[in-house]
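Read through the structure below, which is laid out as structure tokens, and then see the notes.
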Amino acid sequence: MQPVTEGRGRPTSPMKRPVADVAGEHAGPGCERDLLEHLARLDLRARVRLLTGADFWSLRAEPAIGLRPIVFSDGPAGIRGGTGAAHRPSLSLPSGSALGATWDVEAARRYGDLLGREARERGVDVVLGPTINMHRSPYGGRHFEAMSEDPLLTGRLAAAYVDGVQAHGVAACPKHFVGNDYEVERHTASSEIDARALREVYLAAFEPCVAEAGAWAVMSAYNGVNGVRMSEHPLLSDPLKSEWGFDGAVVSDWIAVRSTDDSARAAQDLVMPSLMSPWEDSLVEAVEQGRVPSARIDEKVLRILRLAARVGALDPVAPPAAVPVPVAGEDAAAELEDAAAELEDAAAELEDAAAELEDAAAELAADGMVLLRNDAELPWARAPRSIAVIGPHGLAPRTQGGGSVAVSPRRVVSPLDGIRQRFPESEVTFRMGVTPPDTVFPFTRAQLRDPQTGGEGLRAVFTADDGRVLVEELHGSSELTWLGTLPDGAARLVLRTEFTPAETGRAVLGVACAGPVRLAVDGSTVIDADGAGAGLDPDELARMIFAPPVRTVEVDLVAGRSIVLEVHCDLARAPLPLVHSVMFGWAPHGGTAEELLAEAVAAAESAEVAVVVAGTGARSESEGFDRSTLAMQGGQDALIAAIAQANPRTVVVVNAGSPVAMPWRETVPAILLGWFGGQEVGTALAGVLAGDREPGGRLPTTWPADDGHVLLGPDRPVDGKVHYDESIHVGHRGWLRAGRTPAYCFGHGLGYTEWEFQAAGHPATVRVGETLRLRIGLRNVGTRTGKQVIQVYAERRSSVIDHPVRWLAGFCSARFGPGEHGTADVDIHPRQFSAWTDRGWWQEPGEFRLLIGTSVQEIALSSSVEVIE
Numbered sequence: 006m007q008p009v010t011e012g013r014g015r016p017t018s019p020m021k022r023p024v025a026d027v028a029g030e031h032a033g034p035g036c037e038r039d040l041l042e043h044l045a046r047l048d049l050r051a052r053v054r055l056l057t058g059a060d061f062w063s064l065r066a067e068p069a070i071g072l073r074p075i076v077f078s079d080g081p082a083g084i085r086g087g088t089g090a091a092h093r094p095s096l097s098l099p100s101g102s103a104l105g106a107t108w109d110v111e112a113a114r115r116y117g118d119l120l121g122r123e124a125r126e127r128g129v130d131v132v133l134g135p136t137i138n139m140h141r142s143p144y145g146g147r148h149f150e151a152m153s154e155d156p157l158l159t160g161r162l163a164a165a166y167v168d169g170v171q172a173h174g175v176a177a178c179p180k181h182f183v184g185n186d187y188e189v190e191r192h193t194a195s196s197e198i199d200a201r202a203l204r205e206v207y208l209a210a211f212e213p214c215v216a217e218a219g220a221w222a223v224m225s226a227y228n229g230v231n232g233v234r235m236s237e238h239p240l241l242s243d244p245l246k247s248e249w250g251f252d253g254a255v256v257s258d259w260i261a262v263r264s265t266d267d268s269a270r271a272a273q274d275l276v277m278p279s280l281m282s283p284w285e286d287s288l289v290e291a292v293e294q295g296r297v298p299s300a301r302i303d304e305k306v307l308r309i310l311r312l313a314a315r316v317g318a319l320d321p322v323a324p325p326a327a328v329p330v331p332v333a334g335e336d337a338a339a340e341l342e343d344a345a346a347e348l349e350d351a352a353a354e355l356e357d358a359a360a361e362l363e364d365a366a367a368e369l370a371a372d373g374m375v376l377l378r379n380d381a382e383l384p385w386a387r388a389p390r391s392i393a394v395i396g397p398h399g400l401a402p403r404t405q406g407g408g409s410v411a412v413s414p415r416r417v418v419s420p421l422d423g424i425r426q427r428f429p430e431s432e433v434t435f436r437m438g439v440t441p442p443d444t445v446f447p448f449t450r451a452q453l454r455d456p457q458t459g460g461e462g463l464r465a466v467f468t469a470d471d472g473r474v475l476v477e478e479l480h481g482s483s484e485l486t487w488l489g490t491l492p493d494g495a496a497r498l499v500l501r502t503e504f505t506p507a508e509t510g511r512a513v514l515g516v517a518c519a520g521p522v523r524l525a526v527d528g529s530t531v532i533d534a535d536g537a538g539a540g541l542d543p544d545e546l547a548r549m550i551f552a553p554p555v556r557t558v559e560v561d562l563v564a565g566r567s568i569v570l571e572v573h574c575d576l577a578r579a580p581l582p583l584v585h586s587v588m589f590g591w592a593p594h595g596g597t598a599e600e601l602l603a604e605a606v607a608a609a610e611s612a613e614v615a616v617v618v619a620g621t622g623a624r625s626e627s628e629g630f631d632r633s634t635l636a637m638q639g640g641q642d643a644l645i646a647a648i649a650q651a652n653p654r655t656v657v658v659v660n661a662g663s664p665v666a667m668p669w670r671e672t673v674p675a676i677l678l679g680w681f682g683g684q685e686v687g688t689a690l691a692g693v694l695a696g697d698r699e700p701g702g703r704l705p706t707t708w709p710a711d712d713g714h715v716l717l718g719p720d721r722p723v724d725g726k727v728h729y730d731e732s733i734h735v736g737h738r739g740w741l742r743a744g745r746t747p748a749y750c751f752g753h754g755l756g757y758t759e760w761e762f763q764a765a766g767h768p769a770t771v772r773v774g775e776t777l778r779l780r781i782g783l784r785n786v787g788t789r790t791g792k793q794v795i796q797v798y799a800e801r802r803s804s805v806i807d808h809p810v811r812w813l814a815g816f817c818s819a820r821f822g823p824g825e826h827g828t829a830d831v832d833i834h835p836r837q838f839s840a841w842t843d844r845g846w847w848q849e850p851g852e853f854r855l856l857i858g859t860s861v862q863e864i865a866l867s868s869s870v871e872v873i874e
């Protein structure tokens, strides 16, 4: 048995962590006396200079005090790296919603550990993550990036993520504080949230990251809350810095700070990036004229220096590495032999490390997969004689959502590849069934050849107006975004690569670009699109950057005959300075919609089992815009219905980061939710199908049947305001209050073994302010090792205040072998019996009912506890 207990430890109220404990072992020279001495050596202009980024991804160095640049990187599911490193291959982990589905604190800590390790290796000091905004509506564009609809589940997992990252001396930066739960008009809209909902739902999700995990940075959001922009909001002071004891730095979202005096007088500490910063000289002037107190500047700088100390940026600069002096004769030969041996050892170590990371990513992907339905189909007792893999996502899965989260993975194992590798004796066929949701697939690393060297990749050449070459870069992906990393003075970008098709036939080539673009094949232009972004409003501009339209052309390809592809981008007419995105790729033509469907049905009919992989894409789930529908694009529902009719052993794998409508859900024997599963999604999927791995996930958000059954959204600001009228009744709380039944409830998920809940022991009473510990007996009565997520919900039958019908009060994950039994402890923090009132937190005495089960609706045990004063 390996129970993971939720919330264990002596609580304080309100969960405040002593500031002295927050710095941890990575404080370096960061004791307050040393920091004050550093501060005293800086004049006003030097101090203010440290409060705005040096460029898009780093802070300024200050040699006078031994401060090097602090490097930031996008997260939260991979490390993009700073300027000059954003397109280096990175580990691509499952999306935030997949992490939320693990319901496993230790899995979240491992997730953070992987990111912290990679960040440290790449010279990154601050990881912009985790994203811990709420799944308030399934239409939220960044729903895939956040973890859950529940503040307790989100907060516990996010705190563990922060622990994992910061164990490596890298700062985690939880975001976006607070109320940034939608993308529409996110730069200007105000989230209208009552005080109780703010405290019990939206702030509660952030609190453990600060008060328990001791995050070293927090990102303020674009939006306002109750009419005040978050970079100017009193919430940055109270509760964040005062009540919760946060002594780190409040970092702005990029280009989010719009004022000088108001934001500087508030508890905003750092403006990112340098582009369009309203501080710098204007802030110096504001201090000199007395509009902003100098003490405010000093406090902000101290927080930046404290952050620098924690990540090692205030350490003495290391001397340059010694360069070996060549020696002559036999000594030189021996030196070369030793060096060659060292290189071989290093290469072997790198291979082992890469394999370890891939295994870890696959394990996380499987641990978040949710088995929504299983009519005795999974796991496969033996390898099927033949398997038909159907659907564009089977060939080219979506491993991550769109926007700033995107990284260039070292590799991607598709469901088709994973199944072929796991079932080498089975006959595995593939059929598209429908056209790809995004029209074409980006080229994989293995499909790209640099025309100049013949090695893997594509070559990017940036030139100035006069044609001078400024920078050449080599990339391993044809889906590229430059966020503040374009070379200075770049006016043109040309991407060049060779593609060698494996099959002869008609195909589609496509390109999507934020701005004017031209695609040439063997020197001949086949696409020439204007794509200018002038005059776009902020929402349209975000869509143009993160999901530009795809232009396509049909071409004839010959197997083994290489073609040279060139993409020409006019950066001078791109929508935003320093920012650019482009994607180009291909897809087999396949024929008409009817022909594609007929081929897929025929393959399903002749196979022993059919695996349909369907879902969304980067142009429907992305930063910058919200979704308009839960329906999957391009005839995928009709495809699944037809395959289910053709083969009674149809498994549907949903490749989406957010809820989608599944009108066919009662007609297929098995549905597996794979989320955006990261680079190892195919390996994880094949292992789950075979029973090598347990599908360990449970729904972290309520799953509506379709658009007609959604409680909230899509959000549409009215007069610049988004009204959170549901107050504390978010997610499953709202569904229970409305008395409505979703397609799948919060916490639902099946496994491969059977469980028996035996007893729940706890004191009959608990005093106000004390933690209640439940000891729950559990037995695995099946024949396989498995994982169970124990969920504890609370109810209050009568009260002087409004409570949810039922709410999550605690949880833990346990893994038992077949026949094994034991106990698992779940701690219920006093906050779960409390409500926010005009006088602060109030814990109401009286009886609370506790419901223990495997989802909000599937209850195995119940008991009561009385809160006494």
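Residue numbering for the sequence shown follows the working numbering, beginning at 6 and increasing consecutively.
Cβ atoms here follow ideal geometry from the backbone N, Cα and C, with glycine treated the same way.
Keep in mind that this is a model prediction, so the values were computed, not measured.
- For the alpha helix (DSSP H) assignment, the segment 163-200 encloses no uninterrupted run of at least 4 residues.
- The segment 148-157 makes contact with the segment 207-215: 3 or more CB pairs, one atom from each, lie closer than 8 Å.
- Pairwise C-beta distances place the segment 476-489 in contact with the segment 577-592, as three or more of them are shorter than 8 Å.
- For Gly250, there is no enclosing alpha helix (DSSP H), as DSSP gives it neither H nor E.
- DSSP, reduced to helix, strand and coil, places Ile84 outside both helices and strands of the structure shown, so it counts as coil.
- Around Arg436, the same chain offers Ile395, Glu604, Ala605 and Ala608 as residues with beta carbons nearer than 6 Å, after the five sequence neighbours per side are excluded.
- Non-local beta-carbon contacts of Thr530 in its own chain, meaning distances under 8 Å to residues more than five positions away in sequence, involve Arg523 and Leu524 in chain order.
- Judged by DSSP in its simplified three-state form, Asp533 adopts strand.
- Sorting Glu356, Val516 and Trp841 by C-alpha distance to the C-alpha of Val558 places Val516 at the top.
- Ser567 and Arg464 have their C-alpha atoms spaced approximately 16 Å apart.
- The C-alpha of Thr449 lies about 25 Å from the C-alpha of Leu576.
- For the 9 Å CB-CB criterion, Gly423 and Gly683 do not form a contact.
- Looking from the CA of His238, the closest CA among Asp724, Ala218, Ser196 and Pro554 belongs to Ser196.
- Between the beta-carbon of Ile864 and that of Leu856 there is about 5 Å, and that keeps the pair under the 8 Å contact cut.
- Distance between Thr655 and Ala675, taken at the CA atoms: about 7 Å.
- Listed as beta-bridge partners of Trp812 by DSSP are Ala799.
- Taking C-beta atoms under 8 Å as the contact rule, Val375 and Gly702 qualify, at a distance of about 4 Å.
- Scanning the segment 650-708 from its first residue to its last, the whole alpha helix (DSSP H) runs of 4-plus residues come out as 686-695.
- Look at Glu871 here: in three-state DSSP terms it is strand.
- Ala666 is positioned such that its CB atom lies closer than 9 Å to that of Asp712.
- For the options Gly250, Trp62, Ala103 and Leu72, the alpha carbon positioned closest to that of Val659 is the one of Ala103.
- Its chain contains Tyr227 and Ser236 as the residues whose beta carbon lies nearer than 6 Å to that of Ala261, once the 5 sequence neighbours on both sides are disregarded; these appear in chain order.
- In this structure, Ala647 is the residue among Ala647, Thr634, Ala623 and Glu600 with its C-alpha nearest to the C-alpha of Val617.
- Burial state of Cys36 is exposed, judged by a 10 Å Cβ sphere holding fewer than 16 other Cβ atoms.
- Per DSSP, the beta bridge partners of Leu488 are Val584.
- Annotation: Trp846 to His734 spans about 18 Å, alpha carbon to alpha carbon.
- Residue pairing by DSSP places Gly160 opposite no residue, since no beta bridge is assigned to it.
- Two segments are said to touch when three or more pairs of C-beta atoms, one from each, lie closer than 8 Å; by this definition the segment 783-801 does not touch the segment 136-144.
- Residue pairing of Gln837 in beta bridges, as defined by DSSP: absent, with no partner found.
- Per the coordinates, the alpha-carbon of Gly87 lies some 22 Å from the alpha-carbon of Gly101.
- Ala176 has its alpha-carbon roughly 13 Å from the corresponding atom of Ile84.
- DSSP places Asp832 within a strand segment (E or B) once states are collapsed to three.
- The criterion of a C-beta distance shorter than 9 Å is satisfied by Leu644 and Ala619.
- Under the rule that a run must span 4 or more residues, the alpha helix (DSSP H) segments found entirely inside the segment 538-615 read 543-551 and 598-611.
- Cβ-Cβ distances below 8 Å link Thr788 to Thr758 and Pro823 in the same chain, with the five nearest sequence neighbours on each side left out; the list follows chain order.
- Scanning its chain for C-beta atoms nearer than 8 Å, with the 5 sequence neighbours on each side dropped, one finds around Arg50 the residues Val289, in chain order.
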